[in-house]
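S.K.: Just so we're on the same page, this note's numbering is the position in the sequence shown counted from 1, plus 231.
Below you'll find the structure I mean.
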Amino acid sequence: MSHPLPQDGTLSMRRALAISLASGVLVVGLIALVGAHPDAPDATERSRGATQSYDCRRATGEIAIDGRGDEEAWRTAATIDGFALPWLRDQPRPAYTKTRARLLWDDDYLYFLAEMEDSDLYADVTEHDGRTWDNDVFELFFKPSREQPGYYELQVNAAGTVLDIFFPRRGSGGYQRYARDGEFHIEAKVARRGTLNNWRDRDTGWTVEGRIPWSDFERTGGRPAAGDAWSFALCRYDYSVAFEGPDLSTSAPLSSLKYPDFHHFEDYATLRFVGE
Numbered sequence: 232m233s234h235p236l237p238q239d240g241t242l243s244m245r246r247a248l249a250i251s252l253a254s255g256v257l258v259v260g261l262i263a264l265v266g267a268h269p270d271a272p273d274a275t276e277r278s279r280g281a282t283q284s285y286d287c288r289r290a291t292g293e294i295a296i297d298g299r300g301d302e303e304a305w306r307t308a309a310t311i312d313g314f315a316l317p318w319l320r321d322q323p324r325p326a327y328t329k330t331r332a333r334l335l336w337d338d339d340y341l342y343f344l345a346e347m348e349d350s351d352l353y354a355d356v357t358e359h360d361g362r363t364w365d366n367d368v369f370e371l372f373f374k375p376s377r378e379q380p381g382y383y384e385l386q387v388n389a390a391g392t393v394l395d396i397f398f399p400r401r402g403s404g405g406y407q408r409y410a411r412d413g414e415f416h417i418e419a420k421v422a423r424r425g426t427l428n429n430w431r432d433r434d435t436g437w438t439v440e441g442r443i444p445w446s447d448f449e450r451t452g453g454r455p456a457a458g459d460a461w462s463f464a465l466c467r468y469d470y471s472v473a474f475e476g477p478d479l480s481t482s483a484p485l486s487s488l489k490y491p492d493f494h495h496f497e498d499y500a501t502l503r504f505v506g507e
C-alpha cells in the first residue's frame, strides 16, 4: 500500500474495506512489511521485476516546472502507461483510471511528469508530509540499489501537496518515524482539468510535473551515472463518488503478490539511466 506503515500496526476498517473493494481481494491488516508471509514470493518470483525495464533518457533542454509538460524534452521521454492491478492474476487495467507517465534526468535533477484521467478530483490534505494517500495522489518509489535496503517514497496529491520519505529499511518503523526525518527539495506543480473537491460535477483529470535534485538521494549515493539502473514503481490512488474504494494502479509488475503492497520492491521494474 502507499501508506508506508500503519501507525498502530493495523489498517483502519475504512482503509481495509476500501482496498478490498478496489482490488477484489480481502485485505486484513497490512501484511508482509515485517516478518514472513505465507504467500511470500520465492527467489524466482522475486526476479520478475527485473524483466520489465524502462529508459530514463537525458533531458534535452530546460524544463519549466509548471504542470503543463509541454517542453520538447518531454516528447523524447519514454512513455510509461501500462498501469495495472497485478495482484489480480489477469492483471486488469484500472476500472476507471488511466495514467501516462514519463521520467527524464540531467546533471542536476530527476524529472517526472504524469497525466491522469480523473472524473472526481479530490484532495483535502494541504500539510507537507501529511496523509496524502487518503487523496487522489501520484506516487513514486525509487530503490537505487538492489543490494542495499534503503528506498524512497514520494507523493504529490491533486492539490499539489508533497510527501517525501526515505526508509532506511522496510519494516523498521512507520510513517511518523520517517516522514519528517531529513530535508527534501522536491519542486512540483499540478494542473487540474476540473474543480477540486466538488463531487457534484464531472472532472476529466490532472497533471503533475516535478523535479527532484540529486542531493535528495544522497542517502543512497546521489546522482547515478549513465548506464546505472534503479528499481522503481509509479503508483496511483484515485478516489471518486463514481465507485467504491480507491482505484489502485501501478506501473510495477508486482506479479508475485496476492494482495496490494506498493512497498514490495522485489517486484519493482527497472529504470535505466541512458546517456546522451
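Where a beta carbon is used, it is the ideal one built from N, C-alpha and C, also for glycine.
Just to confirm before moving on: does the CB-CB distance between Tyr470 and Tyr382 stay below 9 Å?
M.R.: Here residue 470 refers to the residue found at position 239 of the sequence shown. Here residue 382 refers to the residue found at position 151 of the sequence shown. Contact flag unset, no.
S.K.: Closest to Arg362 by C-alpha separation, out of Gly391, Arg324, Asp339, would be which residue?
M.R.: Position 131 of the sequence shown, counting from 1, holds the residue named residue 362. Of the candidates Gly391, Arg324, Asp339, the one whose C-alpha sits nearest the C-alpha of Arg362 is Gly391.
S.K.: State whether the stretch 435-451 contacts the stretch 332-351, with contact taken as three or more CB pairs (one from each stretch) at a distance under 8 Å.
M.R.: Judged by Cβ distances under 8 Å, the stretch 435-451 makes contact with the stretch 332-351, as three or more pairs qualify.
S.K.: Which one of Gly441, Ala483, Val368 has the shortest CA to CA distance from Trp336?
M.R.: For the purposes of this step, residue 336 is taken as residue 105 along the sequence shown, with counting starting at 1. If we check each option's Cα against that of Trp336, Gly441 comes out closest.
S.K.: Pull up the CB-CB distance for Leu344 and Gly300, whole angstroms please, since I reckon it's below 8 Å.
M.R.: Counting from one through the sequence shown, the residue named residue 344 turns up at place 113. Counting from one through the sequence shown, the residue named residue 300 turns up at place 69. With 8 Å as the limit, Leu344 and Gly300 qualify as a contact, their Cβ atoms being about 4 Å apart.
S.K.: Taking 8 Å as the limit between beta carbons, can you name the residues of its chain near Gly506, skipping five residues before and five after?
M.R.: Here residue 506 refers to the residue found at position 275 when the sequence shown is read from its first residue. Answer for Gly506: Arg289, Ala457, Gly458, listed in chain order.
S.K.: Identify the continuous alpha helix (DSSP H) that holds Tyr409 and give its terminal residues.
M.R.: On the sequence shown, position 178 is the one that residue 409 refers to. From DSSP, the alpha helix (DSSP H) with Tyr409 extends over 406-409.
S.K.: Going by DSSP in three states, Glu497 sits in which element: helix, strand or coil?
M.R.: Numbered from 1 along the sequence shown, position 266 holds the residue referred to as residue 497. Three-state DSSP puts Glu497 in a helix.
S.K.: If I'm right that Ile496 touches Phe372 with Cβ under 8 Å, what's the distance once you round it to whole angstroms?
M.R.: For this step, residue 496 is matched to residue 265 along the sequence shown. For this step, residue 372 is matched to residue 141 along the sequence shown. First, the residue type needs correcting, since residue 496 is Phe and not Ile in the sequence shown. At roughly 7 Å, the Cβ-Cβ gap stays under 8 Å, so Phe496 and Phe372 are in contact.
S.K.: How is the alpha helix (DSSP H) around Glu348 delimited, first residue to last?
M.R.: Numbered from its first residue, the sequence shown carries residue 348 at position 117. Unbroken run through Glu348 is the beta strand (DSSP E), 340-348; no alpha helix (DSSP H).
S.K.: Mind checking if Ser376 is an interface residue toward chain B, Cβ cutoff 9 Å exclusive?
M.R.: As a matter of chain content, chain B is missing from the structure shown, which is built from one protein chain.
S.K.: My understanding is that Arg324 touches Thr310, with C-beta atoms under 8 Å, so please give their C-beta distance in whole angstroms.
M.R.: Looking up residue 324 in the sequence shown gives position 93. Looking up residue 310 in the sequence shown gives position 79. Contact doesn't hold; Cβ gap of about 15 Å is too wide.
S.K.: Rounded to whole angstroms, what's the CA-CA distance from Lys512 to Trp461? Just pull it up for me.
M.R.: What is shown of the chain runs 232 to 507, which leaves residue 512 out entirely.
S.K.: Which value, in whole angstroms, describes the spacing of the CA atoms of Pro491 and Asp321?
M.R.: Here residue 491 refers to the residue found at position 260 of the sequence shown. Here residue 321 refers to the residue found at position 90 of the sequence shown. Those two C-alpha atoms are separated by around 14 Å.
S.K.: Excluding the 5 residues flanking Leu208 on each side, which residues of the same chain have their C-beta closer than 6 Å to its C-beta?
M.R.: The structure shown does not extend to residue 208, since the chain is modelled only from 232 to 507, so the question has no answer here.
S.K.: How many Å lie between Leu427 and Gly453 at the Cα?
M.R.: Counted from its first residue, the sequence shown places residue 427 at position 196. Counted from its first residue, the sequence shown places residue 453 at position 222. Going from the Cα of Leu427 to the Cα of Gly453 covers about 36 Å.
S.K.: What alpha helix (DSSP H) runs, 4 residues minimum, are completely inside the stretch 291-363?
M.R.: With a minimum length of 4 residues, the continuous alpha helix (DSSP H) runs that stay inside the stretch 291-363 are 303-306.
S.K.: If I'm right that Pro317 touches Leu465 with Cβ under 8 Å, what's the distance once you round it to whole angstroms?
M.R.: To locate residue 317, count along the sequence shown from 1; it is residue 86. To locate residue 465, count along the sequence shown from 1; it is residue 234. With a Cβ gap of about 13 Å, Pro317 and Leu465 do not count as contacting.
S.K.: Excluding the 5 residues flanking Glu303 on each side, which residues of the same chain have their C-beta closer than 8 Å to its C-beta?
M.R.: Along the sequence shown, one-based indexing puts residue 303 at 72. Cβ neighbours of Glu303 beyond the five flanking positions: Thr291, Gly292.
S.K.: Closest to Arg401 by C-alpha separation, out of Phe369, His416, Gln379, would be which residue?
M.R.: Walking along the sequence shown from the start, residue 401 turns up at place 170. When only C-alpha atoms are compared, the closest one is Gln379.
S.K.: Please state whether DSSP places Ser403 in a helix, a strand or coil.
M.R.: For this step, residue 403 is matched to residue 172 along the sequence shown. Three-state result, Ser403: coil.
S.K.: How would you label Ala483, buried or exposed, when you count the other beta carbons within 10 angstroms and need 16 or more for buried?
M.R.: Here the question's residue 483 lines up with position 252 in the sequence shown. Label assigned to Ala483: buried.
S.K.: Tell me the rounded alpha-carbon separation between Ser480 and Trp430.
M.R.: Start at 1 with the first residue of the sequence shown, and residue 480 comes out as number 249. Start at 1 with the first residue of the sequence shown, and residue 430 comes out as number 199. Their Cα atoms are separated by approximately 22 Å.
S.K.: According to DSSP, simplified to helix, strand and coil, what is Arg454?
M.R.: Reading the sequence shown from its first residue, position 223 is the one you call residue 454. If DSSP states are grouped into helix, strand and coil, Arg454 belongs with coil.
S.K.: Pick from Thr328, Pro399, Val472: whose alpha carbon is nearest that of Ser376?
M.R.: Taking the first residue of the sequence shown as 1, we reach residue 376 at position 145. The residue with the shortest Cα to Cα distance from Ser376 is Pro399.
S.K.: Who are the near neighbours of Arg450 in its chain, counting only those whose CB is closer than 7 Å to its CB and skipping five residues on each side?
M.R.: Working through the sequence shown from its first residue, we reach residue 450 at position 219. Correct list, in chain order: Gly381, Phe397.
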